[in-house]
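Visitor: Following the numbering used here, the numbering of the sequence shown begins with 4 at its first residue and continues without gaps.
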Amino acid sequence: MPRVLVIEDEPGIRHTLLQELVAYGHSVQAVGSAMAGLRAVTGNEPDVVLLDLGLPDLDGAVLLTMIRAATQVPVIVATARDDECDMIRLLDKGADDYVVKPYSVEQIAARVRAVLRRTLREGPVPPLVLGGLTVDRTAREARLDGAALRLSRREFDLLAYLAARPGQVITRKQLLAEVWQLSFGDDDSTVDVHLSWLRRKLGETAAAPRFLHTVRGVGIKLVAPPQD
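Below, the structure written as structure tokens:
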């Protein structure tokens, strides 16, 4: 069941969207502020976000930038702002669609279906297997020696990117650009933090690596551990 996050400050609209999208077969969480929305995006990993811009604590355009720094979840902007320059700017900043109020719930439901179709159009891909590590990119699941790994969305994206390139040394700047979709000028310390978290869940450390090996001065590579 697709998970939809509604970020809308108007209680009446929020309640209507929640009820009607549930009736369309979606699992829906609805919040009324930007910060509650950001927590829901990072904590509950929705399949699509419906984002209003006129939020009480933070402009929705700023929230969109924050969401894009954390995840590539599809975002549909649904707002009363109908300025074409705003539309273009937000689409360029990472929005997947833009709907102007007033809109019908049927229109929103159709936009959600269209975005989900685009997201899933590539279809299933075979799991990646490296030694005892299995990464299923279609199901977004990873297992180590048969046991499921509890990974955040970003940790999974990082693991999947490296696992798809076994033995290839990837720089932190590349990871920042390809996994986080951030520019090469941004701070790459977040990559090190996530690598540390991922190493811990893989049962290794930087000093005693099993899968993730640092190539000093170059980057990181993922390889299958040698068989005993």
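We put the CB at the ideal spot given by N, CA and C, even for glycine. What you are looking at is a predicted structure, and each value in this text was computed from that prediction instead of being measured.
1. Kindly indicate which residue of 150, 71, 149, 173 has the alpha-carbon position closest to the one of residue 156.
2. Taking the alpha carbon of residue 194 as the reference point, which residue from 84, 159, 102, 53 has its own alpha carbon closest?
3. Using only CA atoms, which one of 75, 39, 82, 130 lies nearest to residue 16?
4. In the DSSP assignment, what residue or residues form a beta bridge with residue 224?
5. Which two residues bound the contiguous alpha helix (DSSP H) that contains residue 139?
6. With respect to the alpha helix (DSSP H) encompassing residue 182, which residues constitute its N-terminal and C-terminal limits?
7. In chain order, which continuous runs of the beta strand (DSSP E) of length 3 or greater are located wholly inside the region 141-184?
8. Give a yes or no on whether the C-beta atoms belonging to residue 147 and residue 205 are separated by under 8 angstroms.
9. For residue 230, name the three-state secondary structure that DSSP assigns.
10. Label residue 114 either buried or exposed according to how many other C-beta atoms from any shown protein chain fall within 10 Å of its C-beta, with 16 as the threshold for buried.
11. Determine the direct distance from the alpha carbon of residue 91 to that of residue 214, and round the result to whole angstroms.
12. How would you write the range of the alpha helix (DSSP H) that residue 22 sits in, first residue to last?
13. Taking 8 angstroms as the threshold, find out whether the region 128-142 comes into contact with the region 101-114 through three or more Cβ pairs.
14. Label residue 219 either buried or exposed according to how many other C-beta atoms from any shown protein chain fall within 10 Å of its C-beta, with 16 as the threshold for buried.
Guide: Judging by the given coordinates:
1. As a first step, residue 156 must be located in the sequence shown, where it is residue number 153. Closest by C-alpha distance to residue 156, out of 150, 71, 149, 173, is 71.
2. Your numbering for residue 194 matches position 191 in the sequence shown. For the residues 84, 159, 102, 53, the minimum Cα distance to residue 194 belongs to 159.
3. The residue you call residue 16 lines up with position 13 of the sequence shown. The closest CA to that of residue 16, considering only 75, 39, 82, 130, is found on 82.
4. Within the sequence shown, residue 224 is the residue found at index 221, counting from 1. For residue 224, which the question treats as bridged, DSSP gives the partners 216.
5. Within the sequence shown, residue 139 is the residue found at index 136, counting from 1. Element bounds for residue 139: not the alpha helix (DSSP H) but the beta strand (DSSP E), 136-139.
6. Within the sequence shown, residue 182 is the residue found at index 179, counting from 1. Element bounds for residue 182: n/a, residue is neither H nor E.
7. 144-147
8. As a working note, residue 147 is residue 144 in the sequence shown. As a working note, residue 205 is residue 202 in the sequence shown. Yes.
9. By 1-based counting over the sequence shown, the position of residue 230 is 227. Here residue 230 sits in coil by DSSP.
10. Stepping through the sequence shown from its first residue, residue 114 is reached at position 111. Buried.
11. By 1-based counting over the sequence shown, the position of residue 214 is 211. By 1-based counting over the sequence shown, the position of residue 91 is 88. The alpha-carbon atoms of residue 214 and residue 91 are separated by roughly 42 angstroms.
12. As a position in the sequence shown, residue 22 is number 19, starting the count at 1. Taken as a continuous stretch (DSSP letters only), the alpha helix (DSSP H) holding residue 22 covers 14-26.
13. no
14. Indexing the sequence shown from 1 puts residue 219 at position 216. Residue 219 should be labelled exposed.
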